[in-house]
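Read through the structure below, which is laid out as structure tokens, and then see the notes.
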Amino acid sequence: MYKRILVPTDGSSLSEQAVATAIDLALLAGAELVSVTVAHIQPYGYFEGSMVLNQREIEASQEQVEQSAQRLVDAVRSAAIARGVRSAQAIVMKSNQVAEAIIATAKNQQCDLIVMASHGRRSLARLLMGSETLHVLTHSHIPVLVLR
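Position 104 of the sequence shown, counting from 1, maps to 104 under the UniProt record's numbering, and the rest follow consecutively.
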């Protein structure tokens, strides 16, 4: 069935539901679980929409974002191992393109399923806010299980 399942998480309650489902599926299939979150890269220049910060503040801010992201995926890995998943990894990707980072991680880690949550936004809300899940769904060559 599935050997490696990727579950992206952002720490929201909706993504936590996807994490729980991915853990259950990994247990049923005897699969490995790969948890990923994307740490946004802070803009550094005026033309990138950044605030005026000195270099030390920029580095401290980026470090804080990365540490928070690492804690998030480490918690998923710990939960999976505690439930009995045979192997779990925690990966932090640094990018401003969330969907592309998720797809790249799935490919690089040789995952054969991506489990994601969707807010189920429609029409204007989806147009204005975009949808990382929709982007992954339409651009990934790896099957995607979308939970609403």
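Cβ coordinates follow ideal geometry from the N, Cα and C atoms, glycine included.
Per DSSP, cross-strand counterpart(s) of residue i
i              : result
glutamine 17   : The partner list for glutamine 17 (beta bridge, DSSP) is empty, contrary to what the question assumes.
isoleucine 58  : DSSP lists no partner for isoleucine 58.
lysine 94      : Ala39
methionine 116 : Val146
isoleucine 5   : Leu33, Leu113
Same chain, Cβ closer than 6 angstroms to residue i, neighbours up to 5 away in sequence not counted
i            : result
serine 118   : Thr133, Val146, Arg148
alanine 80   : Ile23, Leu33, Ala88
arginine 126 : Bear in mind that the predicted position of arginine 126 carries a pLDDT of just 48, short of 50, making it too unreliable to give a figure here.
Residues near residue i by beta carbon distance below 7 angstroms, same chain, minus five either side
i            : result
valine 144   : Ile114, Met116, Val136, Leu137
valine 92    : Thr37, Ala39, Glu66, Ala69, Gln70, Val73
methionine 1 : Ala29
Residue from the options with nearest C-alpha to residue i
i            : options                      : result
valine 98    : Asn108, Ser131, Gln110       : Ser131
leucine 25   : Ser12, Asp10, Ile103, Asp112 : Asp112
valine 76    : Gly84, Ala104, Glu63, Ala90  : Ala90
leucine 28   : Arg86, Ser15, Ile58, Asp10   : Arg86
glutamine 64 : Arg83, Leu6, Ser13, Ile41    : Ile41
Residue i, buried or exposed, once every other Cβ within 10 Å from all chains shown has been counted against 16
i           : result
arginine 56 : exposed
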